[in-house]
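**Student:** Position 194, counted from 1, in the sequence shown is what our numbering calls 201; the numbers after and before it change by one each time, with no gaps.
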Amino acid sequence: MAGVLTKFSKNFIQLSTKNAAIPATTSLQNRKYSTKRVEAKNPVVEMDGDEMTRIIWAKIKESLIFPYVKVECLYFDLGLPYRDQTDDQVTIDAAHAILKHNVGIKCATITPDEQRVEEFKLKKMWLSPNGTIRNILGGTVFREPILCSNIPKLVPGWTQPIVIGRHAHGDQYKAKDFVVTKPGKVEMIYTADDGEVQKVELFKYKSPGVAMGMYNTDESISAFAHSSFQVALQKGWPLYLSTKNTILKKYDGRFKDIFQEIYDKYVKTIFVA
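#1: Quick one: grab the DSSP three-state call for LEU209.
#2: So, for THR98: in the same chain, excluding its five sequence neighbours on each side, which residues have a beta-carbon less than 7 Å away from its beta-carbon?
#3: Starting from ARG284, follow the beta strand (DSSP E) in both directions and report where the run begins and ends.
#4: Check the DSSP bridge columns for ASP184 and list the partner residues they point to.
#5: Residues in its own chain within less than 6 Å of THR118 by CB, not counting five upstream and five downstream?
#6: Excluding sequence positions up to five away, which residues of its chain have a Cβ less than 6 Å from the Cβ of ASP184?
#7: What is the rounded straight-line gap between the Cα of ALA280 and the Cα of VAL274?
#8: Under the rule that 16 or more other beta-carbon atoms within 10 Å means buried, what is VAL162, buried or exposed?
#9: If you check the beta carbons only, do VAL148 and ALA175 fall under 7 Å apart?
#10: Please name the residue in THR276, ASP57, GLU126 whose C-alpha comes closest to that of CYS114.
#11: Tell me the DSSP bridge mates of ARG150?
#12: In whole angstroms, give me the CA-to-CA distance for LEU87 and LYS272.
#13: Quick check: the Cα distance between PHE278 and VAL187, rounded to an integer number of angstroms?
#14: What does DSSP give as the partner residue(s) for CYS80 in the beta ladder?
#15: Near GLU121, what residues of its chain come up, given a Cβ to Cβ distance below 8 Å and the 5 sequence neighbours on each side ignored?
#16: Starting from THR198 and walking both ways along the beta strand (DSSP E), at which residues does that stretch end?
#17: Given this structure, state the Cα-to-Cα distance separating LEU154 from GLY111, to the nearest angstrom.
#18: Kindly list the residues whose CB is nearer than 6 Å to the CB of ASN252, restricted to its own chain and excluding five residues on each side of it in sequence; keep chain order.
#19: Count Cβ pairs between the segment 192-212 and the segment 229-245 that sit closer than 8 Å; are there 3 or more?
#20: First and last residue of the beta strand (DSSP E) that includes GLY111?
#21: Are GLU151 and VAL170 touching if we call contact CB-CB under 7 Å?
#22: Among the candidates LYS160, GLU53, MET221, MET59, whose CA atom is the shortest distance from the CA of LEU255?
#23: By alpha-carbon positions, which one of LEU81, GLN92, THR116 ends up nearest to ALA3?
#24: To the nearest angstrom, report how far apart ASN142 and ARG173 are at their CA atoms.
#25: Could you have a look at VAL204 and say whether DSSP puts it in helix, strand or coil?
#26: Let me make sure I understand the geometry here. Which of VAL45, PRO190, TYR270 has the alpha-carbon closest to that of PRO245?
#27: Alpha helix (DSSP H) containing ILE143: first to last residue?
#28: In chain order, what residues of the same chain have a beta carbon less than 6 Å from the beta carbon of VAL124, not counting five sequence neighbours either side?
#29: Under a Cβ-count criterion, where at least 16 other Cβ atoms within 10 Å of its own Cβ denotes burial, should TRP54 be classed as buried or exposed?
See the structure below:
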């Protein structure tokens, strides 16, 4: 079986249940608007992006947000040149600002590859800013479609939205990978604080190749499970967990087991009500 799709409820549908701080663009923030604007009580972390998103975002603010909403924006420039200039500290500061203020708006950014490193003359191939922010926040990324009556759907018969919850900690974003250049073996070694050592041989190479090691924690997986159940309860929708535990019996199996434990202990009675 290529994958596992675990359904936690059949009857659930019936439920109802900062940075080298850069001031935001003065012309936008200090423009004289009507005093009838909706006033936000708390600031919003604003993360500018790369290329056309900078232009589009500026237009959105000027035309659709600031004329109607009075809000303090804490500006962070996550454009690739400034990330390089600050050694990516601006991304870290932006993430901590989100932790403090709870709300952030981020524009699309470039995750550099070899060509971008040469194009922008970067110091190094910086990590994905999305991955950096996710790991600092330690939460779950939920992707939900925005439905508009005047915009035709790509699949007309698809009437109900689907929300995808993505675990935002560890895994590929914190993995260590490297190129194997000659015959040899790759091993994983775990050294416990009490001195116990576990060693697992990954592969014996007869020729060049690649290798990778990644991780996650029970604490993070549990938080992922709790947030997923909470969103499902809020929306009154069934929840599915997709894993590859038939192949990754220990790694993905841990996700499956923790989800099941939390379901049985905390939310089963609500889901089957």
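Glycine included, C-beta positions come from ideal geometry on N, C-alpha and C.
Since the structure is predicted, the reported quantities are computational estimates derived from the model, not experimental observations.
**Tutor:** Per the coordinate set shown:
#1: Start at 1 with the first residue of the sequence shown, and residue 209 comes out as number 202. Strand.
#2: Along the sequence shown, one-based indexing puts residue 98 at 91. Here the set comprises LEU85, ARG90, PRO136, THR139, ILE140.
#3: Given a span of 8 to 280 for the chain in the structure shown, any question on residue 284 remains unanswerable.
#4: Your numbering for residue 184 matches position 177 in the sequence shown. According to DSSP, ASP184 bridges with MET219.
#5: The residue labelled residue 118 in the question sits at position 111 within the sequence shown. Within the same chain, THR118 has close Cβ partners SER135.
#6: Start at 1 with the first residue of the sequence shown, and residue 184 comes out as number 177. For ASP184, where only same-chain residues beyond five positions count, the Cβ hits under 6 Å are MET219.
#7: Taking the sequence shown and counting its residues from 1, the one referred to as residue 280 is at position 273. Taking the sequence shown and counting its residues from 1, the one referred to as residue 274 is at position 267. About 10 Å.
#8: Taking the sequence shown and counting its residues from 1, one reaches residue 162 at position 155. Classification of VAL162: exposed, given that the 10 Å Cβ count is below 16.
#9: Counting from 1 along the sequence shown, the entry for residue 148 is found at position 141. Counting from 1 along the sequence shown, the entry for residue 175 is found at position 168. Remark: C-beta atoms of VAL148 and ALA175 approach each other more closely than 7 Å.
#10: On the sequence shown, position 107 is the one that residue 114 refers to. Among THR276, ASP57, GLU126, the Cα nearest to that of CYS114 is on ASP57.
#11: Residue numbering aside, residue 150 sits at position 143 when the sequence shown is read from its first letter. The partner list for ARG150 (beta bridge, DSSP) reads ILE171.
#12: Within the sequence shown, numbered from 1, the residue matching residue 87 stands at position 80. Within the sequence shown, numbered from 1, the residue matching residue 272 stands at position 265. A direct Cα-to-Cα measurement between LEU87 and LYS272 gives close to 45 Å.
#13: By 1-based counting over the sequence shown, the position of residue 278 is 271. By 1-based counting over the sequence shown, the position of residue 187 is 180. In this structure, the alpha-carbon of PHE278 lies about 48 Å from that of VAL187.
#14: As a working mapping, residue 80 is identified with position 73 in the sequence shown. Bridge partners of CYS80: VAL51.
#15: Position 114 of the sequence shown, counting from 1, holds the residue named residue 121. Excluding positions up to five away in sequence, the list reads MET132.
#16: Residue numbering aside, residue 198 sits at position 191 when the sequence shown is read from its first letter. Looking at the DSSP string, the run of the beta strand (DSSP E) that includes THR198 is 191-198.
#17: Position 147 of the sequence shown, counted from the start, is the residue given in the question as residue 154. Position 104 of the sequence shown, counted from the start, is the residue given in the question as residue 111. So the two alpha carbons sit approximately 22 Å from each other.
#18: For this step, residue 252 is matched to residue 245 along the sequence shown. Only VAL11, ASP259, GLY260, LYS263 meet the Cβ criterion.
#19: Contact check between the segment 192-212 and the segment 229-245: fewer than three CB pairs, one atom from each, fall below 8 Å, which does not count as touching.
#20: If you number the sequence shown from 1, residue 111 lands on position 104. According to the DSSP assignment, GLY111 belongs to the beta strand (DSSP E) that extends over 111-113.
#21: What you label residue 151 is simply residue 144 of the sequence shown in a count that begins at 1. What you label residue 170 is simply residue 163 of the sequence shown in a count that begins at 1. In this structure, VAL170 lies closer than 7 Å to GLU151 by Cβ.
#22: For the purposes of this step, residue 255 is taken as residue 248 along the sequence shown, with counting starting at 1. It is MET221.
#23: Look at the range of the chain in this structure, 8 to 280, and you will see that residue 3 is not part of it.
#24: Within the sequence shown, residue 142 is the residue found at index 135, counting from 1. Within the sequence shown, residue 173 is the residue found at index 166, counting from 1. Distance between the alpha carbons of ASN142 and ARG173 is about 12 Å.
#25: Taking the sequence shown and counting its residues from 1, one reaches residue 204 at position 197. Correct three-state label for VAL204: strand.
#26: Looking up residue 245 in the sequence shown gives position 238. Minimum Cα-Cα distance from PRO245 among the listed residues VAL45, PRO190, TYR270 corresponds to TYR270.
#27: Position 136 of the sequence shown, counted from the first residue, corresponds to residue 143. Per DSSP, ILE143 belongs to the alpha helix (DSSP H) from 136-144.
#28: As a working mapping, residue 124 is identified with position 117 in the sequence shown. Cβ within range, chain order: MET132.
#29: Numbered from its first residue, the sequence shown carries residue 54 at position 47. According to the sequence shown, residue 54 is Met rather than Trp. Buried is the call here.
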